[in-house]
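Q: For what it's worth, our numbering labels the leading residue of the sequence shown as 2, then goes sequentially.
All residues carry an ideal CB built from backbone N, CA and C; glycine is no exception.
Got a structure here, written out as structure tokens. Questions coming.
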Amino acid sequence: MLTRTKEILTEAKKNHYGIVAPDFWDLNSARDYVQTAEELDAPILLSFAQAHKHLISLEEAAAVGKLMAASVKAPIALHLDHGEDFDYVKRAIELGFNSVMIDASMHDFEENVRLTKEAADFAHAHGVDIEAEIGHVGGTTESPTEMEEVETVYTTVEDAVKFAEKTGVDSLAVSIGTSHGVYKNNKNPELNFKRLKELSENVPVPLVLHGGSGTGDENLKRCVKEGITKVNVFTEFTVAARDCAAKVVREDENLKSYMKIQKAADEGIRNVLRHYINLLTK
2 MLTRTKEILT EAKKNHYGIV APDFWDLNSA RDYVQTAEEL DAPILLSFAQ AHKHLISLEE
62 AAAVGKLMAA SVKAPIALHL DHGEDFDYVK RAIELGFNSV MIDASMHDFE ENVRLTKEAA
122 DFAHAHGVDI EAEIGHVGGT TESPTEMEEV ETVYTTVEDA VKFAEKTGVD SLAVSIGTSH
182 GVYKNNKNPE LNFKRLKELS ENVPVPLVLH GGSGTGDENL KRCVKEGITK VNVFTEFTVA
242 ARDCAAKVVR EDENLKSYMK IQKAADEGIR NVLRHYINLL TK
């Protein structure tokens, strides 16, 4: 059931549990996410990132997302993740995304405010909720043409409070030590929980953690306890799909059906989402 992000996150913030926001890249992954949410009677933010536009178009993502959300009773928001420019965010809203993120965090504070407020005003005029980022979550970019390391810039409380007031965003992604992609040596990151607690106590809107993959169960549980409401996860889903598909190929020398490989990949994706929903809601 297509549901407002604000409704989902407000309820989660009030009751101190976390919402998983998994990025889909095709029909199968979107179906896996939504059906798992239905199975566990849990809300999710079904997300599509602009960086994955080379995999499916925004028009396809909107059609898939709306179809999948309408197919279940669980609360599902269709969310644009990491919208990189106003025109793309505007198109997403016009196509039926009911939640968007504008990511201008690579700019200086004033330009981030200006770009975010422009997008927020448009989104709110169309009944759409908006997320932005203050500070910058580093890691490896997901762009097919720009694979590079991006520096992490930590969020300050002063900037976060000013940013929320000036832009009117509905949720705010903050940087406390996570990164996008895979962590070096598969080690869990050291997070600044003191900063997170200060942000939670001073910023009125729900806080978002990007780079959830590989952060570690105890870290994520504590993040939710200290004030994170939404957790973005992507890389672990693709790794699980790859590993489960590869296992089927290794174990069946006479494998002739691609469908068997797809089924294994789907189950890997579903198991990861089951894990995170259970982790963040209990």
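1) I'd like to know if the stretch 206–219 and the stretch 168–180 are in contact, where contact means that at least 3 CB-CB pairs between them fall below 8 Å.
2) Would you decide whether Asp-82 is buried or exposed? Buried here means 16 or more other CB atoms lie within 10 Å of its CB.
3) With distances taken Cα to Cα, identify the nearest neighbour of Thr-282 among Gln-263, Val-250 and Cys-224.
4) Which residue wins for smallest C-alpha separation from Asp-267, given the options Asn-233, Asn-29 and Met-107?
5) Mind checking who Asn-113 pairs with in its DSSP beta bridge?
6) Given a cut-off of 7 Å, decide if Leu-192 and Asn-220 are closer than it, judged by their beta-carbon atoms.
7) Threshold first: 3 residues or longer. Then list the beta strand (DSSP E) segments lying entirely within the stretch 64–132, N to C.
8) With DSSP collapsed to three states, give me the class of Ser-30.
9) So which of Ile-57, Ser-106 and His-276 has the shortest CA-CA distance to Ala-174?
10) Let me make sure I understand the geometry here. Which of Leu-79, Ala-22, Ala-165 and Glu-85 has the alpha-carbon closest to that of Val-129?
11) Pull up the DSSP beta-bridge partners for Ala-266, would you.
12) Excluding sequence positions up to five away, which residues of its chain have a Cβ less than 7 Å from the Cβ of Tyr-18?
13) Return the CA-CA distance between Tyr-277 and Lys-15, expressed in angstroms with no decimal places.
14) Could you give the distance in angstroms between the alpha-carbon of Glu-254 and the alpha-carbon of Ala-247?
15) Rounded C-beta distance between Ala-38 and Val-73? I'm assuming under 8 Å.
16) Can you give the beta carbon distance from Pro-76 to Ser-48, rounded, assuming they're within the 8 Å contact cut?
17) Excluding sequence positions up to five away, which residues of its chain have a Cβ less than 8 Å from the Cβ of Phe-87?
18) Check each candidate in Leu-274, Lys-91 and Tyr-34 and name the one with the smallest Cα separation from Leu-1.
19) Check whether the Cβ atoms of Val-170 and Ala-126 sit closer than 7 Å, and answer yes or no.
20) Under the three-state reduction of DSSP, which class applies to Pro-145: helix, strand or coil?
21) Put Glu-134 into one of helix, strand or coil per three-state DSSP.
22) From Glu-12 to Glu-111, what distance separates their C-alpha atoms?
23) Which residue or residues does DSSP assign as beta-bridge partners of Lys-283?
24) Check whether the Cβ atoms of Val-101 and Ile-135 lie closer than 7 Å to each other.
25) Alpha carbon to alpha carbon, what distance is there between Asp-244 and Asn-279?
26) Which residue or residues does DSSP assign as beta-bridge partners of Leu-173?
A: For this structure:
1) Yes, since at least three Cβ pairs between the stretch 206–219 and the stretch 168–180 fall closer than 8 Å, the two stretches touch.
2) With 16 or more Cβ atoms within 10 Å of its Cβ, Asp-82 is classed as buried.
3) For Thr-282, the nearest C-alpha among the options comes from Cys-224.
4) Selected option, being the one with the closest Cα: Asn-29.
5) In the DSSP output, where bridge partners are listed per residue, Asn-113 has none listed.
6) Taking 7 Å as the Cβ cut-off, Asn-220 and Leu-192 qualify as a contacting pair.
7) With a minimum length of 3 residues, the continuous beta strand (DSSP E) runs that stay inside the stretch 64–132 are 77–84 and 100–103.
8) Annotated three-state conformation of Ser-30 is helix, per DSSP.
9) Closest option to Ala-174, Cα to Cα, is Ser-106.
10) Looking at Leu-79, Ala-22, Ala-165 and Glu-85, the one whose alpha-carbon comes closest to that of Val-129 is Leu-79.
11) Its beta-bridge partners do not exist; DSSP assigns none.
12) Taking C-beta separations shorter than 7 Å and ignoring five residues to either side along the sequence, the partners of Tyr-18 in its chain run Val-225, Leu-281 and Thr-282, following chain order.
13) Near 19 Å, if we compare the C-alpha coordinates of Lys-15 and Tyr-277.
14) Cα-Cα distance, rounded: 12 Å.
15) By a beta-carbon distance limit of 8 Å, Ala-38 contacts Val-73. Their separation comes to about 7 Å.
16) No, Pro-76 and Ser-48 are not in contact; Cβ-Cβ is about 14 Å, not under 8 Å.
17) Annotation for Phe-87: Ile-103, Leu-116, Glu-119, Ala-120 and Phe-123 place their beta carbon closer than 8 Å to its own, counting only its chain and skipping 5 residues before and after.
18) Only positions 2 to 283 of the chain appear in this structure, which leaves residue 1 out of reach.
19) Taking 7 Å as the cut-off, the Cβ atoms of Val-170 and Ala-126 do not count as close.
20) Confidence is the limiting factor: at Pro-145 the pLDDT is only 35, short of 50, which leaves the residue's position unreliable and the question unanswerable from this model.
21) In the structure shown, Glu-134 sits in a strand (DSSP, three-state: E or B).
22) Glu-12 and Glu-111: Cα-Cα distance of roughly 31 Å.
23) According to DSSP, Lys-283 shares a beta bridge with no other residue.
24) Cβ distance not < 7 Å, so Val-101 and Ile-135 don't count as in contact.
25) Roughly 22 Å separates the two Cα atoms.
26) Per DSSP, Ala-133 and Leu-208.
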